[in-house]
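Undergrad: The sequence shown begins at 17 in my numbering and counts up one residue at a time.
Take a look at the following structure, please.
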Amino acid sequence: MARLLASFVFIVLVACGVPEDAKKPDIPGLEQEILALGDFVSREEAARVARISYEYSLQLRSEYQVSDPPLIHNTKVNQGLRSRGLCWHWADDLESRLRAENLQTLSLHRAIANTDNLRIEHSTVILSERGEPMQSGVVLDPWRYGGYLFWAPMVEDTRYNWKPRSQVFRDRRN
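Encoded structure:
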């Protein structure tokens with residue numbers, strides 16, 4: 017039984033590891049993805065948001081004292097060993113930082129996944145062209161790889177079924 021438990025823990029920890037390519041910032045790639053959101057997206061804003069998203073995620077990694085995969089770090093936060101670093105902390109902080117930029121051609125959305133199943137809930141920020149729905153946007157997820165920014169078009173992020181945070185909160189009240 018102990019051997020089975022040890023094997024399970026090993027598999028979980030390996031599965032939580034950060035892919036090597038995620039550790040290499042791709043600011044130009046994110047900038048191009050942001051520009052592809054629509055014809056009215058400012059080149060300057062796309063470049064600024066791409067740079068800030070990567071740099072601020074790494075800054076938060078340092079501030080949160082992340083030294084483990086996200087689920088292990090969550091455990092440390094929940095045990096009081098770290099003060100911040102749950103997914104919603106990352107999302108709140110990244111959203112606040114990007115809102116401080118007073119974006120004119122881009123909109124920020126908050127989303128939550130796994131609200132209706134046994135998996136752990138997850139929160140993130142989604143960026144879209146101003147006025148467009150989050151479904152047409154790009155997921156900016158600094159938690160997923162422990163401060164190494166994950167990004168992808170929302171429709172391609174099949175790991176999570178994102179819902180607008182406001183809808184999730186409304187559903188919980190009912």
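Glycine included, each C-beta is placed from N, C-alpha and C at the ideal position.
For the region 87-96 against the region 51-64, are there 3 or more C-beta pairs whose distance is under 8 Å?
TA: Flag = no, the region 87-96 and the region 51-64 do not touch.
Undergrad: If you follow the beta strand (DSSP E) that I126 is part of, which residue opens it and which one closes it?
TA: Within the sequence shown, the letter at position 110 stands for residue 126. Checking the sequence, you will find Arg at residue 126 rather than Ile. Segment 122-129, the beta strand (DSSP E) holding R126.
Undergrad: So, at 6 Å on beta carbons, what are the nonlocal neighbours of Q183 in its own chain, with the 5 sequence-adjacent residues on each side left out?
TA: Counted from its first residue, the sequence shown places residue 183 at position 167. None.
Undergrad: Looking at C-alpha atoms only, which residue of P169, W178, S83, I68 is the closest neighbour of N133?
TA: For the purposes of this step, residue 133 is identified with residue 117 of the sequence shown, where counting begins at 1. Ranking the options by Cα distance to N133, first place goes to W178.
Undergrad: Would you kindly work out how many angstroms separate the C-alpha atoms of S152 and S58, rounded to a whole number?
TA: If you number the sequence shown from 1, residue 152 lands on position 136. If you number the sequence shown from 1, residue 58 lands on position 42. Distance between the alpha carbons of S152 and S58 is about 17 Å.
Undergrad: Return the chain-ordered list of same chain residues with a C-beta closer than 6 Å to the C-beta of F24, the five sequence neighbours on each side being excluded.
TA: On the sequence shown, residue 24 is found 8 positions in, with the first residue counted as 1. Low per-residue confidence applies at F24: pLDDT is 45, beneath 50, and the placement is therefore not dependable enough to give any value.
Undergrad: Between D157, H138, T121, F166, which has its C-alpha nearest E148's C-alpha?
TA: Along the sequence shown, one-based indexing puts residue 148 at 132. Ranking D157, H138, T121, F166 by Cα distance to E148 puts T121 first.
Undergrad: Output the distance between the C-alpha atoms of N190 and P180, rounded to the nearest integer angstrom.
TA: The residue you call residue 190 lines up with position 174 of the sequence shown. The residue you call residue 180 lines up with position 164 of the sequence shown. Distance between the alpha carbons of N190 and P180 is about 16 Å.
Undergrad: Buried or exposed for G101, please, with buried defined as at least 16 other CB atoms from any protein chain shown within 10 angstroms of its CB.
TA: By one-based count along the sequence shown, residue 101 stands at place 85. So G101 counts as buried.
Undergrad: Are the beta-carbon atoms of V65 and L110 separated by less than 7 Å?
TA: For the purposes of this step, residue 65 is taken as residue 49 along the sequence shown, with counting starting at 1. For the purposes of this step, residue 110 is taken as residue 94 along the sequence shown, with counting starting at 1. Cβ atoms of V65 and L110: not closer than 7 Å.
Undergrad: In the region 161-189, which residue ranges form an unbroken beta strand (DSSP E) of at least 3 residues, counting only runs that do not cross its ends?
TA: Correct list: 166-169.
Undergrad: Whose C-alpha, out of S73, Q75, L74, L46, is nearest the C-alpha of W61?
TA: Residue numbering aside, residue 61 sits at position 45 when the sequence shown is read from its first letter. Looking at the sequence shown, residue 61 is not Trp but Glu. Ranking the options by Cα distance to E61, first place goes to L46.
Undergrad: Considering only DSSP beta bridges, list what E145 is partnered with.
TA: Start at 1 with the first residue of the sequence shown, and residue 145 comes out as number 129. L122.
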